[in-house]
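Worksheet: the structure to be examined is printed underneath.
Number of protein chains: 2
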Amino acid sequence: MNAIADYRTFPLISPLASAASFAGGVSVTWADGRISPFHNLWLRDNCPCGDCVYEVTREQVFLVADVPEDIQVQAVTIGDDGRLVVQWDDGHASAYHPGWLRAHAYDAQSLAEREAARPHKHRWMQGLSLPVYDHGAVMQDDDTLLEWLLAVRDVGLTQLHGVPTEPGALIPLAKRISFIRESNFGVLFDVRSKADADSNAYTAFNLPLHTDLPTRELQPGLQFLHCLVNDATGGNSTFVDGFAIAEALRIEAPAAYRLLCETPVEFRNKDRHSDYRCTAPVIPLDSSGEVREIRLANFLRAPFQMDAQRMPDYYLAYRRFIQMTREPRFCFTRRLEAGQLWCFDNRRVLHARDAFDPASGDRHFQGCYVDRDELLSRILVLQR
Amino acid sequence: MNAIADYRTFPLISPLASAASFAGGVSVTWADGRISPFHNLWLRDNCPCGDCVYEVTREQVFLVADVPEDIQVQAVTIGDDGRLVVQWDDGHASAYHPGWLRAHAYDAQSLAEREAARPHKHRWMQGLSLPVYDHGAVMQDDDTLLEWLLAVRDVGLTQLHGVPTEPGALIPLAKRISFIRESNFGVLFDVRSKADADSNAYTAFNLPLHTDLPTRELQPGLQFLHCLVNDATGGNSTFVDGFAIAEALRIEAPAAYRLLCETPVEFRNKDRHSDYRCTAPVIPLDSSGEVREIRLANFLRAPFQMDAQRMPDYYLAYRRFIQMTREPRFCFTRRLEAGQLWCFDNRRVLHARDAFDPASGDRHFQGCYVDRDELLSRILVLQR
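Residue numbers (the numbering used here), protein chains in the order written: chain L, 120 to 503; chain W, 120 to 503.
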């Protein structure tokens with residue numbers, strides 16, 4: 120009964136004081152007075168014993184559909200080691216560590232506590248104090264790595280200095296997090312002016328504030344932009360916090376905000392070899408009504424299709440959002456120099472590039488993507 | 120005024136018969152009698168001229184936020200070549216091909232027509248007539264490739280025969296579509312029984328019907344499973360169409376269906392090096408209320424957390440769905456032999472493996488993923 124289906128440890132917040140069964144479950148009272156109900160199927164489902172969980176993978180082999188729906192508790196006690204011990208009417212027995220049990224309790228108070236402990240995004244405007252880290256420290260020291268990754272997660276815009284200016288230097292850095300997310304532009308993409316460009320990114324044009332690849336069902340989570348050479352005139356980078364703009368829009372123009380949250384529009388990325396399309400709102404919300412991400416790249420947008428009645432108002436909302444991305448109160452502008460890189464949350468922070476003059480000097484950036492899943496996994500492993 | 124921001128061609132469905140401006144837009148009447156309104160900002164936004172669209176990338180350089188909100192039409196005519204020609208009050212002029220314009224019209228009838236033309240999923244049960252293709256034909260012939268990919272998209276379960284039994288043979292096949300989606304299990308993963316398994320997939324256990332990686336925000340779209348050797352006793356593959364089961368559940372137990380659509384639950388994939396978590400419903404719906412995908416892998420599930428009130432009913436709904444995946448009416452079972460492979464829609468079709476006896480003979484499969492975006496892009500390019 121030792122296997123626990125997790126790699127984390129669960130500190131003892133409060134010991135179990137008493138436990139009693141009720142019709143359909145077990146109610147426990149903790150030493151600090153909290154009362155948590157656990158239903159029989161939940162308890163049976165989460166039995167951590169070596170017959171129910173395969174110790175090598177820590178994955179469940181028991182399936183809750185394989186016991187009777189009305190499985191009953193024959194006896195419930197608190198063991199000498201503080202565990203909750205349940206004896207089932209089919210002969211099976213389960214024991215739950217009180218630290219684990221408290222971390223998974225679903226009484227209203229426990230749920231609210233866990234909700235409140237979720238990481239919060241720090242919204243920012245033009246006065247952002249940019250988190251900057253040293254490349255060597257990030258490569259060698261796990262504490263610095265974790266600090267950087269938390270800034271990427273919560274602030275969404277970071278810079279690294281002291282990066283080697285060799286092409287490909289991004290690869291070992293990205294791998295400090297995990298594997299790189301490939302796209303049709305490659306594993307690494309070279310951002311420079313090209314005669315046969317397959318994206319406006321590969322021209323010398325200015326690029327309006329945008330997220331990369333809103334044309335994909337899952338926009339890339341993190342974007343890296345590494346400066347190898349920047350001797351050309353122009354080409355400054357501007358960033359805005361899309362979450363801050365969405366929040367300002369929600370307050371200043373609630374009807375426009377709702378239109379952008381609720382109206383799916385199509386984005387397209389097409390060249391001679393590919394034809395990507397994705398239909399989603401500019402401001403998608405999650406199931407609790409929070410802004411999940413921003414999707415916006417005007418140059419990758421298909422003609423709007425929606426009820427003709429809605430079209431004029433939608434255009435006003437769309438224009439307003441774009442105009443807000445240009446307001447100085449939101450804009451953070453810097454010139455990236457050789458040996459520096461940006462790492463930002465591509466699903467939250469919009470980025471822009473001023474036009475540059477390719478005749479005035481060389482300009483060569485390399486970029487790549489790593490998804491949010493890999494970032495969050497790496498953070499959890501570093502925090503174990 | 121020749122650049123068109125697309126690589127598709129748009130056949131002339133019906134010529135333009137007349138055009139007249141109204142307050143805020145232009146109304147066109149087609150030769151077949153349909154009437155389509157187009158608003159001024161929509162028309163200006165979609166101007167296909169070489170100043171508004173960069174011809175090399177076919178991406179927009181014009182930004183609709185850069186013209187006055189009340190931009191006016193000075194004159195609208197139908198040109199000798201059949202195009203709609205708009206003269207704007209700021210001096211710009213735009214001309215729209217009638218085939219393109221009809222394909223993007225947003226009057227109610229045009230929208231309904233386009234909605235009805237979207238590809239439909241063919242739901243299936245145990246009597247499925249399995250689409251089988253020859254590996255050599257798929258590799259060499261684009262028509263066969265397209266036929267196979269349409270079956271993957273619409274049926275969701277296909278088989279290829281005549282596949283070389285060398286390790287890595289999947290790579291050139293997957294690249295007939297696009298690049299491979301990597302995961303923490305690698306670009307290719309080897310499915311065989313391992314002593315130090317980091318997933319129950321790499322044991323000889325039976326695996327209940329599941330989707331791969333519901334622990335990621337975007338579950339992998341297509342899964343390939345390529346059989347190199349299958350000399351072991353047991354290990355048959357079973358598939359069910361998750362969309363067919365969801366539809367049956369919706370009819371047979373609507374309250375259970377709604378609980379599975381509306382209740383986010385957590386999935387977890389954890390080992391010594393990673394810790395992936397994703398919270399989403401088992402049956403996520405899209406914005407029009409259609410089933411978008413199925414997310415289910417019992418062995419990758421975290422303890423349920425939800426209002427205690429809801430827990431007992433949720434368990435009944437979850438058990439019912441799992442019990443339905445086992446009903447013979449839904450199950451399609453086959454043994455895969457060396458030189459054959461499965462390619463299926465991992466976000467729709469659940470797959471299972473019977474336990475096998477590793478002492479009875481060798482069993483070695485290789486697998487990889489390609490995302491739905493890449494599948495749909497490849498289909499659109501092949502259909503150009």
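Here a beta-carbon is modelled for each residue, glycine too, at the ideal position from N, C-alpha and C.
If we ignore side chains and look at the alpha-carbon of each, how far apart do A184 (chain W) and P327 (chain W) end up?
To locate residue 184 (chain W), count along the second sequence from 1; it is residue 65. To locate residue 327 (chain W), count along the second sequence from 1; it is residue 208. About 53 Å.
Report all residues from its chain with a CB closer than 8 Å to the CB of G198 (chain W); omit the five preceding and five following residues, and keep chain order.
What you label residue 198 (chain W) is simply residue 79 of the second sequence in a count that begins at 1. Correct list, in chain order: V204 and A214.
Buried or exposed for S318 (chain W), please, with buried defined as at least 16 other CB atoms from any protein chain shown within 10 angstroms of its CB.
If you number the second sequence from 1, residue 318 (chain W) lands on position 199. Counting Cβ neighbours within 10 Å, S318 (chain W) comes out buried, since at least 16 surround it.
Does the beta carbon of P217 (chain L) fall short of 7 Å from some heavy atom of the ligand ADP?
What this structure holds is no ligand at all, so the ligand ADP is not there to describe.
8 Å is my cut-off, CB to CB: does N165 (chain L) come that close to chain W?
As a position in the first sequence, residue 165 (chain L) is number 46, starting the count at 1. Yes, because at least one Cβ of chain W sits closer than 8 Å to the Cβ of N165 (chain L).
Any idea what DSSP makes of N303 (chain W), helix, strand or coil?
For the purposes of this step, residue 303 (chain W) is identified with residue 184 of the second sequence, where counting begins at 1. The answer is coil: DSSP assigns N303 (chain W) none of H, G, I, E or B.
Taking C-beta pairs closer than 8 Å, name the residues in chain L that Y225 (chain W) reaches, listed in chain order.
The residue you call residue 225 (chain W) lines up with position 106 of the second sequence. Near Y225 (chain W) (Cβ distances below 8 Å), the residues of chain L are F423, Q424, M425, D426, A427 and M430.
Presumed contact (8 Å Cβ cut-off) between S302 (chain W) and L332 (chain W), rounded CB distance
In the second sequence, residue 302 (chain W) corresponds to position 183, counting from 1. In the second sequence, residue 332 (chain W) corresponds to position 213, counting from 1. The pair is a contact, with the Cβ atoms about 6 Å apart (cut-off 8 Å).
May I have the straight-line CA-CA distance separating I290 (chain L) from P156 (chain W), to the nearest angstrom?
Looking up residue 290 (chain L) in the first sequence gives position 171. Looking up residue 156 (chain W) in the second sequence gives position 37. If you take the alpha carbons of I290 (chain L) and P156 (chain W), they lie about 51 Å apart.
Opposing strand residues paired with L344 (chain W) [DSSP bridges]
Taking the first residue of the second sequence as position 1, residue 344 (chain W) is located at position 225. BP columns for L344 (chain W) point to W:W461 and W:G486.
Along chain W, in chain order, which residues have C-beta atoms closer than 8 Å to that of G143 (chain L)?
The count along the first sequence starts at 1 and reaches residue 143 (chain L) at position 24. Within chain W, the residues near G143 (chain L) are P431.
Below 8 Å between beta carbons is the criterion; list the residues of the segment 406-419 of chain W that meet it against any residue of chain A, in chain order.
No chain A appears in this structure, whose protein chains are L and W.
Can the beta-carbon of A363 (chain W) be found closer than 8 Å to that of M258 (chain W)?
Looking up residue 363 (chain W) in the second sequence gives position 244. Looking up residue 258 (chain W) in the second sequence gives position 139. No, the pair does not count as a contact, with Cβ atoms beyond the cut-off.
Can you confirm whether the segment 460-472 of chain L touches the segment 187-194 of chain W when touching is taken to mean that 3 or more C-beta pairs between the two stretches lie within less than 8 Å?
no
Measure the C-alpha to C-alpha separation of L269 (chain L) and R127 (chain L) and round it to an integer number of angstroms.
Counting from 1 along the first sequence, the entry for residue 269 (chain L) is found at position 150. Counting from 1 along the first sequence, the entry for residue 127 (chain L) is found at position 8. Linking L269 (chain L) to R127 (chain L) through their CA atoms gives a straight-line distance of about 19 Å.
For V500 (chain L), which of helix, strand or coil comes out of DSSP?
Start at 1 with the first residue of the first sequence, and residue 500 (chain L) comes out as number 381. Three-state DSSP puts V500 (chain L) in a helix.
Could you give the distance in angstroms between the alpha-carbon of V310 (chain L) and the alpha-carbon of H392 (chain W)?
As a first step, residue 310 (chain L) is located in the first sequence; it is residue number 191 there, counting from the start. As a first step, residue 392 (chain W) is located in the second sequence; it is residue number 273 there, counting from the start. Roughly 32 Å between the two C-alpha positions.
Counting only runs that start and end within the segment 187-214 of chain W, where is the beta strand (DSSP E) found for 3 or more residues in a row?
With a minimum length of 3 residues, the continuous beta strand (DSSP E) runs that stay inside the segment 187-214 of chain W are 192-197 and 203-207.
At the 8 Å Cβ level, is H158 (chain W) part of the contact set with chain L, yes or no?
Indexing the second sequence from 1 puts residue 158 (chain W) at position 39. True, the Cβ-Cβ gap to chain L drops below 8 Å.
At which residues does the beta strand (DSSP E) containing Y395 (chain W) begin and terminate?
On the second sequence, residue 395 (chain W) is found 276 positions in, with the first residue counted as 1. First-last of the beta strand (DSSP E) with Y395 (chain W): D394 to A399.
What does a CB cutoff of less than 7 Å around D473 (chain W) pick up in its chain, not counting 5 residues either side in sequence?
One-based indexing of the second sequence puts residue 473 (chain W) at position 354. Here the set comprises N325, G353, G354 and N355.
Q459 (chain L) and H280 (chain L): beta carbons closer than 8 Å?
Within the first sequence, the letter at position 340 stands for residue 459 (chain L). Within the first sequence, the letter at position 161 stands for residue 280 (chain L). In this structure, H280 (chain L) lies closer than 8 Å to Q459 (chain L) by Cβ.
Nonlocal neighbours in the same chain, by C-beta distance under 7 Å from D261 (chain L), ignoring five residues either side
Counting from one through the first sequence, the residue named residue 261 (chain L) turns up at place 142. Result list for D261 (chain L): L501, in chain order.
Which partner residues of A138 (chain L) appear in the DSSP bridge assignment?
Here residue 138 (chain L) refers to the residue found at position 19 of the first sequence. DSSP, once it has assigned bridges, lists L:V147 as partnering A138 (chain L).
From L:V489, L:T148, L:P167 and L:P373, residue whose alpha carbon lies closest to that of Q342 (chain L)
Counted from its first residue, the first sequence places residue 342 (chain L) at position 223. Of the candidates L:V489, L:T148, L:P167 and L:P373, the one whose C-alpha sits nearest the C-alpha of Q342 (chain L) is L:V489.
Spatially closest choice to A227 (chain W) from L:L131, L:Y433, L:A427 and L:D405, by CA coordinates:
Residue numbering aside, residue 227 (chain W) sits at position 108 when the second sequence is read from its first letter. Minimum Cα distance to A227 (chain W) is reached at L:A427.
Quick one: using the 10 Å Cβ neighbour count with 16 as the cut-off for buried, is K389 (chain L) buried or exposed?
Residue 389 (chain L) sits at position 270 when you count from the first residue of the first sequence. Per the 10 Å Cβ criterion, buried.
Taking 8 Å as the CB-CB cut-off, is E336 (chain W) touching chain L?
To locate residue 336 (chain W), count along the second sequence from 1; it is residue 217. Yes, because at least one Cβ of chain L sits closer than 8 Å to the Cβ of E336 (chain W).
Contact under 8 Å by Cβ, L160 (chain L) with Y434 (chain W)
Looking up residue 160 (chain L) in the first sequence gives position 41. Looking up residue 434 (chain W) in the second sequence gives position 315. It is a contact, given that the beta carbons lie within the stated cut-off.
Could you name the residues of chain L that H392 (chain W) contacts, counting a contact when the two beta carbons are closer than 8 Å?
Translated into positions along the second sequence, residue 392 (chain W) becomes position 273. Those within 8 Å of H392 (chain W) in chain L are V500.
DSSP on Q428 (chain L), reduced to helix/strand/coil?
Here the question's residue 428 (chain L) lines up with position 309 in the first sequence. Looking at Q428 (chain L) - three-state DSSP - the assignment turns out to be coil, as it is neither helix nor strand.
Which chain L residues sit within Cβ distance under 9 Å of S318 (chain W)?
Along the second sequence, read from residue 1 onward, the residue named residue 318 (chain W) stands at position 199. By Cβ distance, chain L contributes T176 and E178.
Would a check of beta-carbon distances place D492 (chain W) closer than 8 Å to chain L?
As a working mapping, residue 492 (chain W) is identified with position 373 in the second sequence. By this cut-off, D492 (chain W) is an interface position.
Thinking just about the alpha-carbon of each residue, which of W:G305, W:A457, W:V468 and W:L415 is nearest to the one in E285 (chain W)?
Numbered from its first residue, the second sequence carries residue 285 (chain W) at position 166. Of the candidates W:G305, W:A457, W:V468 and W:L415, the one whose C-alpha sits nearest the C-alpha of E285 (chain W) is W:A457.
Do we get a CB-CB distance below 8 Å when we pair N121 (chain W) with the residues of chain L?
Position 2 of the second sequence, counted from the start, is the residue given in the question as residue 121 (chain W). Legend: pLDDT at N121 (chain W) = 43, less than 50; position of this residue unreliable, value from coordinates given subsequently. No - not a single Cβ of chain L is within 8 Å of the one on N121 (chain W).
Determine the DSSP secondary structure at A471 (chain L), reduced to helix, strand or coil.
Working through the first sequence from its first residue, we reach residue 471 (chain L) at position 352. Reduced to three states, the DSSP call for A471 (chain L) is strand.
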